[in-house]
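Have a look at the structure below before the remarks.
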């Protein structure tokens, strides 16, 4: 028997960079974790496990489009070349810009950067990594002289203490979380401290959770540095030999006040002493640190503590920035940020510039940084940017002041969008749409958070006229007249050039050097196994800075004096609440892919807001109410999740929902465009908002086998839709009660007056249930209520085609049909009720027992922190307090 | 020596009184039973299956000669009572007198004959007893004959369905806009009508009969609008009225029927009445369930016990094979009433509950009547609906304490105060109990 063809590739979601095995089967593509990949050793999270469900072609952009009409590649390519050349001729090179993405492969990134910085002659290329880890880049550079992640994933397992700062690792980097959890299980003495204003799924693993005041991380780590000094824990010898500006940084830290964290002095002392007495401590930080107007200072506040103790470059210790995107690191390596050059070389350094210019044989090079993301869209708004090219990202959703960004893109005279789908919020604004290839179709490399370069390999043919981004960019570059500089035939040619350039950088004393791969042949590139950089004649992989040498002119690391700064936007009586934003477990970014996987929408099928019970009570918001949240810049409507996970005065709303999936879910419309003065990264987690219940005349829920057409309905105040195994699900609310719900249901499900209707109507109670059935097929079921609709959603969705209309209208299972409840484990499809019943009936004590009894948590394990919530120990916890 | 009990009427009500009496107080009375029909007690409500051919007369006999013998009942079947002399405490029949100590009147009801020309023509019959049934069976025995049933109520439709099953070409003429308006609302009436039409029964609603045409035999029915329906048989089933002539002549207090108190006593304490002839608290009943309840009370009163009848809540099932229909209580629309309606036109299912003061006061069901008795139970017992209202019409198997998801985002985290499955609806156990 012939083995099924299996392709070894890399997951396209977060920065963990897990190896994935994709196997073609008659049923479709089967996805499994690559047991040999050093990032995941076979593990995958819920998102990665569901990759097979995201590769269908429905809704894909399959041909270039110009002003909405299909066009050929030649036509589109020359139009783009003309528009860009005209703008450059008339307004100079800085009148054009690329906004690119951590989704691009290194090879795509490399040619985009080369075209803008080497040939157009502007540095106006920035990436959505600006929203993700620009502060870490800037902090690294200030401290180390280079954007270097010193450690490796193994350090997470070797550490005796892991401090998570601003990171919901359990949901955002689930495989790393599981590696830590497994290590902690092996070595129960390992401690985990979670520092986050919110209690999250990550807190499940934590021995200590510090709910600090949002934005007070600098004060927290300044306090730690002060305490390190007080306790005599400074490694004076190390500091003397390898660190500069220690006295200034310490003095500044001493002047800061840890009380600004809002934490108990005893808790602070406990954490500080734990940190100080545990040499092997890794501090993992993510968006809670980076997405801040003092993000760079936060990074340096953490790095200062490591430099003062010399705990860097050794196994099981060090600072560890984890990135949110699959190739954020590759983007940094190729120079995808407007203030970088290429290969970790400095744009403002003439020696670096000349080296790159010579290497590229480039006509002209910019001497100053280009526009970072926020400034770039401002420049679109004020007319300075005449031509904009957005690649693989959705700034109309993800940027702060998203409404402003949307208007800015719309105002730009010429906008090109390369993407998979024509209907993203950003693609809708494009003059020219270019069909790019997707994960599974692309070939190239990505770099994960611990510097491991892995291959993304194709296992599907490019659909329609879709082309890889590198090819699209090179075609435009050649059409602009730079024939020879962009005459690549395949990604390996680009990769070799990238590796060769890194050799020049290495020669100039930079950290990023993969010159050992500069001569890789096509076959070896094809077979390239995960490889941690650097890759040179002298060394391969490993940790940085173990030798105490840094990439500064004098080789010494810098401690940076930093002081706590308040968040950019103050709360006020009008906007009394702090808005935190972030990811959910089963969605990623703006949901262009994860929203296509039914099982990933089961977990959180609509935008929601975590609100503390005290705030909820004061605002008269009950669980499952709709809440209108408003800042000076925009608003969203989201479902109330009343919980003390979020502290008093602080709301949490996920970042994912776009206008494709919810009527008012764009959380970044509320976020002001305040940025970190060093990194330019926006403060995405610190808006000041107000909240009020949105009280519609009616609430609705629908499940259907056809895509609902919400736009046809009058008086809709809120909607959120998602795909399901049986079609679609929809949450609705409206301000006007229609005269005839039947007509409404027909409109919603696109049915004529002939489709038979079954209905349940309790008019005085305001309850209407309608099912439309076309022959043997249920078209849709609509449930209307005056209060948030109480329906066994999972049951209705799962049984949409199995239930007779009468049973369907009941909206809940009868006595003989058990209901699974809301889905907790997406992979195996296990619901809350199933788990509750199993725990009660079988007296289950552990997450493992739940797994054995129900299957929940036995695949990817991402839900395991949630599973723990179903065990009874909540009671014992109360008893213990 | 035992007291003399005379019973007028050998129908289902008196039959049930005697059963109770003989069981609870054997030998208390010497019983004399008069019946206008020349036969004993049979289950009148099962005449429709006899008409349709699904049962025979023998199948529906409830008390046979042996039963009367074994209880020493003196039977006077085929001997109508023509008068009561309360002074002398005797009843008069066929010119003879029968003395009583206690008298039970259970004369039932008589069909209402609409006052139109031709209503007495041969071939015009009512639908009340076995003779009527046999007349209809006779009429249907010749092929190709046409029947017109005047009255689309319970009885008329059962007659129509039976005649249709016997092969007649049947038309139902109904005065009101929808069938069975006393039991059904217009929507259920329409469903029923289309089911009957599917079986080949013609239905004309809002049909006001003007006259019945014929010389020495009925030929047709003509409506006010001039439409004529040819007919070899006309069955008049427009309603019944209490048979209280005898009581009126005896100067017992009468309204629409013979008035009784809660003990089933008439204005004369030695005379009791039960069944369709009786009027209790202003109401006359035409269904079997209340009649049985009255019978129990009457038997207890006769036995000298304190018993009280407070009235009945009624439910109806149409006895037409394959037509599932259930109706109970009051379902007229009113200001202070609320209704819950469930319908599935494609599957011919219709259910309607009428609520008042948080209780079910009326229920109509068509197509799926399996929960009918349960609703009737809730209705009779005056159970408060409460939180179960949402699921009420779906029946007892859906009314359980199943918590529901009020929102799509329901993930819980360790230490959450609110358990994900503890929110949502719970149902009071009083209503959760399935009858």
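Chains as they are written, first to last, in this note's numbering: chain A, 1 to 881; chain B, 882 to 1316. Idealized CB from N, CA, C, for every residue including glycine. Note that the coordinates shown come from a computational prediction; the quantities given were computed from them, not determined experimentally.
Asked: N-terminal and C-terminal residue of the alpha helix (DSSP H) that residue 305 of chain A is part of; Found: 295 to 309
Asked: N- and C-terminal bounds of the alpha helix (DSSP H) containing residue 859 of chain B; Found: In the structure displayed, chain B extends from 882 to 1316; residue 859 of chain B sits before or after that span and is not available.
Asked: Three-state secondary structure assigned by DSSP to residue 1266 of chain B; Found: coil
Asked: Pick from A:756, A:622, A:370 and A:156 that is closest to residue 347 of chain A, judged by C-alpha positions; Found: A:370
Asked: Counted within 10 angstroms of its Cβ, other Cβ atoms place residue 484 of chain A as buried (16 or more) or exposed; Found: exposed
Asked: Residue range of the alpha helix (DSSP H) that includes residue 840 of chain A; Found: 832 to 842
Asked: Cβ pair residue 99 of chain A, residue 562 of chain A closer than 8 Å; Found: no
Asked: Under 9 Å by beta carbon: chain B residues contacting residue 218 of chain A; Found: Here the premise fails: no neighbours, minimum Cβ distance about 28 Å.
Asked: Simplified DSSP assignment, three categories, for residue 751 of chain A; Found: coil
Asked: Local Cβ density within 10 Å of residue 240 of chain A, reported as buried at 16 or more and exposed below that; Found: exposed
Asked: Under the three-state DSSP convention, the category residue 83 of chain A falls into; Found: helix
Asked: Chain-ordered chain B contacts of residue 49 of chain A [CB-CB under 8 Å]; Found: By Cβ distance, chain B contributes nothing, its closest Cβ being about 17 Å from residue 49 of chain A, past 8 Å.
Asked: Exposed unless 16 or more other CB atoms sit within 10 angstroms - verdict on residue 989 of chain B; Found: buried
Asked: For residue 1159 of chain B: DSSP bridge partner residues; Found: B:1139
Asked: Cross-chain neighbours of residue 706 of chain A in chain B, by beta carbon under 8 Å; Found: In chain order: nothing, as chain B lies at least about 18 Å away.
Asked: DSSP beta-bridge partners of residue 1116 of chain B; Found: B:1006 and B:1030
Asked: One or two residues paired with residue 699 of chain A in a DSSP bridge; Found: A:733 and A:785
Asked: Chain-order list of residues whose beta-carbon lies under 8 Å from that of residue 867 of chain A (same chain, five-residue window excluded); Found: 824, 825, 835, 847, 850, 851, 856 and 857
Asked: Validate contact between the segment 114 to 124 of chain A and the segment 506 to 517 of chain A using beta carbons, cut 8 Å, 3 pairs; Found: no
Asked: CA nearest to the CA of residue 1119 of chain B, picked from B:934, B:1272 and B:997; Found: B:997
Asked: C-alpha gap between residue 12 of chain A and residue 127 of chain A, whole angstroms; Found: 16 Å
Asked: Cross-chain neighbours of residue 190 of chain A in chain B, by beta carbon under 7 Å; Found: Neighbours of residue 190 of chain A on chain B: none; closest Cβ ~19 Å, over 7 Å.
Asked: Near-chain A residues of the segment 1050 to 1082 of chain B (beta-carbon distance less than 9 Å), N- to C-terminal order; Found: none
Asked: Meets three-Cβ-pair contact criterion under 8 Å: the segment 456 to 471 of chain A and the segment 48 to 67 of chain A; Found: yes
Asked: Those runs of the beta strand (DSSP E) which lie wholly inside the segment 570 to 640 of chain A and span at least 3 residues; Found: 577 to 582, 608 to 611 and 626 to 630
Asked: Continuous beta strand (DSSP E) stretch holding residue 797 of chain A: start and end; Found: Counting along the chain, residue 797 of chain A falls outside any beta strand (DSSP E), though it belongs to the alpha helix (DSSP H) covering 793 to 798.
Asked: Residue 667 of chain A versus residue 409 of chain A - alpha carbon distance; Found: 18 Å
Asked: Chain-order list of residues whose beta-carbon lies under 8 Å from that of residue 794 of chain A (same chain, five-residue window excluded); Found: 602, 819, 820, 821, 822, 823 and 831
Asked: Residue 939 of chain B versus residue 703 of chain A - alpha carbon distance; Found: 56 Å
Asked: The alpha helix (DSSP H) enclosing residue 360 of chain A, as first and last residue numbers; Found: 350 to 360
Asked: Outcome for residue 865 of chain A when other beta-carbon atoms lying within 10 angstroms are tallied against a minimum of 16; Found: buried
Asked: Proximal chain B residues relative to residue 757 of chain A, where beta-carbon distance stays under 9 Å; Found: 1224, 1225, 1226 and 1227
Asked: Under 9 Å from the C-beta of residue 1272 of chain B: neighbouring residues of chain A; Found: 810, 811 and 812
Asked: Contact set between the segment 734 to 761 of chain A and chain B, restricted to residues whose Cβ is under 8 Å from the partner; Found: 756, 757, 758, 759, 760 and 761
Asked: Stretch pair the segment 1208 to 1228 of chain B + the segment 748 to 764 of chain A: three plus CB contacts closer than 8 Å; Found: yes
Asked: First through last residue of the alpha helix (DSSP H) which encompasses residue 825 of chain A; Found: Looking at the DSSP string, residue 825 of chain A is not in any alpha helix (DSSP H); the run it does join, the beta strand (DSSP E), is 823 to 825.
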